[in-house]
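Data block below; observations after.
Residue numbers (the numbering used here): 1 to 861.
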């Protein structure tokens, strides 16, 4: 594709550009006064289209990431209006959260003030940018009218057993003094402030998302081809379903067995030691009965482990560490005693917090075994063929093969340090000997079930969603705590439980929620019994707010329901959802979970919230992500002032494919401004009457116009917005040539092209498009004009350009009839003087003709 400057170089640049700001002010006033982009009501019979951009956080003025995101969503929304759809394109603010609270703490202010001031600023910026939102459907998640329904949703999940409270080791941000969900820890650090996360045991509220793990995984198949493959894979990896068996191990001196999940129960005979997570309750219980020296060593080790993140603990290149607890587990398949170790490479929340270690066939187990000189026992012969008939294996009295073969001896993990993880035949495994992996797994599970020591099972990487936050600026959890330990839901008719005033409250992070110190708020009475109770002092994770907001847009002002199920049936799921890939796990996973819960409640008739997902790349500066802290920002407001909204929109749209990162150096707002000035000049010069019939006129211009009409819908639906801008520039150049040529500005083909430019420019440069449409003699708004169809007769090319190659090099280009035959095309090529000179006296070996496009002449020498 040509650059912006190249597209502009085909005709002189008009230095006298129209005032972008005057045009903006004029049309923004018109849109506001006429409510141009309101969504049609229930009596609107047009097909419906729900277009939604991920709503912003009000952290100050909009930035270039916002400019890109809301440009793309606006292009899609405007396109579907032109295609005759009733479009819902709402806007709201994800307005709870840590940045507002931290800013309020720094300034000694109320987070409400900071939040709503920023919202007002962003609202004006969106209007200045010309985004076609339905401004009657605005929501803020920090409004009691919104978070009341967060609380309602919590109560509904609680009724269904999907909201519960438990004590467990959680991710703790020491800087923000709050817990974090696993998804909010990035490379061992808080995704908000970057502080290193530690583990801490707390009693917290959870949503039982693991109950939906299979559906969350399997339903991704519905989204193949409609969501980016990368996002689907990230979701699959995060859910992380594993198929295997739960195996019960008895530990000497302990009555209850310990259950271990394993994807390879076939390798039970190869287990040589047993590992428990040091931060698990099981490890503490076993260590409590150990000798003093062991117990002391374990406590020191545990303290070190608690300073280490889960990410670091799982690193494959990290040296293995652990403590032998001087206890033994009994292998249920052969009665062997396995030494029990506490080691940090096992996590407390994976499976059951314990693993059977099979070092010959698991690299982490092998690294640990070699570090502590533990036995390594091979039970899979990876040198044996796994196809064909099962081989006959000679074994001794104990079922051990007499000769495992020299090839296997050479691969012994105890000496090579490389675990044998490939396919093969079972050895050293009693009745499983000779079986392939698949058959051995099935047989092993049968044996475990027959002896009552195990069963088939599934395990997931996914963990329940921890929603408690020890901060003020969030949705209060609608639960009451009685003196006798009972936890009582707040009755629905008492919602919302509103946040108290910050007056007299210290919002600084201190390890417990500031709400707990609001005595007059936290102390209340149970409406049913009259007993004194305490409100829950924690607030909800802000991802709860965004997990269902797309439904609230359907009934944003309702005081009786979170959303109207009839409106959900009309509008949902969202047809086009646009936002950054950074939300590929967190937000999207939670929204999918809540959607499935609401489906099970009978409130909606769909199971996936977003039918189509568009991820945009980042806007970079000199190859780096823009950041306030680094001082490498391009300010949105300054760019609007300097060039106007349309130039910024065109420059961003043209800079590259939607999904790619774009460097600001490639965003030519100056070039875009010149292109828009040329488009306006074309509209001003059209000399044919407004009711002229589009027939006859310049044939080349008409073909170019209708070719664009034919190609543009696919370009938009495939999000090739940069290509669409290039095509509009090409049409403007061809139109300019026609005006300056013999036909002149009175040619009807010029008006047809100019009106086509105006309608299509509305997607990207709506202020300029409206001005062109008015100049061309039409009533506003161009944003509501139906998209014209291409004339098939004008899509048939009369002539094409044929390329002639001699010896693999292009020597001539010929304009030939589109339906020319091969013989005639070859004759024309041979007769061309440039081709004759190129061939010279060399012998022609072969001529390949592909009419009407190519002639390739092969010569000797």
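In this text, a Cβ means the ideal position worked out from N, Cα and C, and glycines have one as well.
Here the alpha carbons of residue 251 and residue 258 stand approximately 7 Å from one another. Counting C-beta pairs with one atom in each stretch, the segment 504-511 and the segment 543-557 have fewer than three that are closer than 8 Å, which means they do not touch. A direct Cα-to-Cα measurement between residue 434 and residue 441 gives close to 12 Å. Taken through DSSP and simplified to helix, strand or coil, residue 652 comes out as helix. Secondary-structure assignment with DSSP links residue 457 through a beta bridge to 244. A direct Cα-Cα distance of roughly 19 Å separates residue 835 from residue 820.
In this structure, residue 764 sits away from residue 235, with a CB-CB distance that is not shorter than 8 Å. Taking the C-beta atoms as reference points, residue 206 is found nearer than 8 Å to residue 467. Taken atom to atom, the span from the alpha-carbon of residue 596 to that of residue 548 is near 11 Å. By alpha-carbon distance to residue 518, the top candidate from 36, 531 and 504 is 504.
With fewer than 16 other beta carbons inside 10 angstroms of its own, residue 417 counts as exposed. Spanning the alpha carbons of residue 594 and residue 414 requires a straight line of approximately 49 Å. Straight across, the Cα-Cα distance linking residue 443 with residue 286 is about 32 Å. By the C-beta density criterion, residue 222 is exposed, having fewer than 16 other C-beta atoms within 10 angstroms. When Cβ pairs closer than 8 Å are counted between the two stretches, the segment 336-350 is seen to touch the segment 273-283, the count reaching three or more. Contact annotation, residue 758 with residue 683: C-beta distance approximately 7 Å; criterion of less than 8 Å satisfied. Contact between residue 136 and residue 783 does not hold, since their C-beta atoms are separated by about 17 Å, which reaches or exceeds 8 Å. Counting the other Cβ atoms within 10 Å of the Cβ of residue 262 gives 16 or more, which makes it buried. If you ignore the 5 residues before and after residue 419, its C-beta comes within less than 6 Å of the C-beta of 361, 362, 363, 366 and 413, all in its own chain and listed in chain order.
Comparing C-alpha distances from residue 99 to each of 788, 320, 472 and 849 shows the shortest one belongs to 472. For residue 145, no pairing in a beta bridge is given by DSSP.
Secondary structure within the segment 635-700: the alpha helix (DSSP H) runs of 4 or more consecutive residues, fully enclosed, are 636-643, 645-654 and 669-685 (chain order).
In the displayed model, residue 579 falls within a strand according to three-state DSSP. Residue 781 is classed as buried because its beta carbon has at least 16 other beta carbons within 10 Å across all chains shown. Its Cα nearest to that of residue 161, the residue 211 stands out among 228, 211 and 129. Ranked by Cα distance from residue 180, the first of 699, 198 and 561 is 198. If you draw a 10 Å sphere on the C-beta of residue 193, you find fewer than 16 other C-beta atoms in it, and that means exposed.
Within a 10 Å sphere around the beta-carbon of residue 850 sit fewer than 16 other beta-carbons, which makes this residue exposed. Per DSSP, reduced to three states, the secondary structure at residue 476 is strand.
Distance from the CA atom of residue 449 to the CA atom of residue 455, rounded to whole angstroms, is 5 Å. Just so you know, the alpha carbons of residue 857 and residue 799 end up roughly 22 Å apart. Note that the segment 697-704 touches the segment 744-754; at least 3 beta-carbon pairs, one per stretch, sit closer than 8 Å. An exposed status is given to residue 801, since fewer than 16 other beta-carbon atoms sit within 10 Å of its beta-carbon. Bounds of the beta strand (DSSP E) holding residue 615 are 613-616. Sixteen is the threshold: when 16 or more other Cβ atoms of the shown chains lie within 10 Å of the Cβ of residue 101, as they do, the residue is buried. When the five nearest sequence neighbours on each side are left out, the beta carbons in the same chain lying within less than 7 Å of the beta carbon of residue 607 are those of 219, 595, 596 and 599, in order along the chain.
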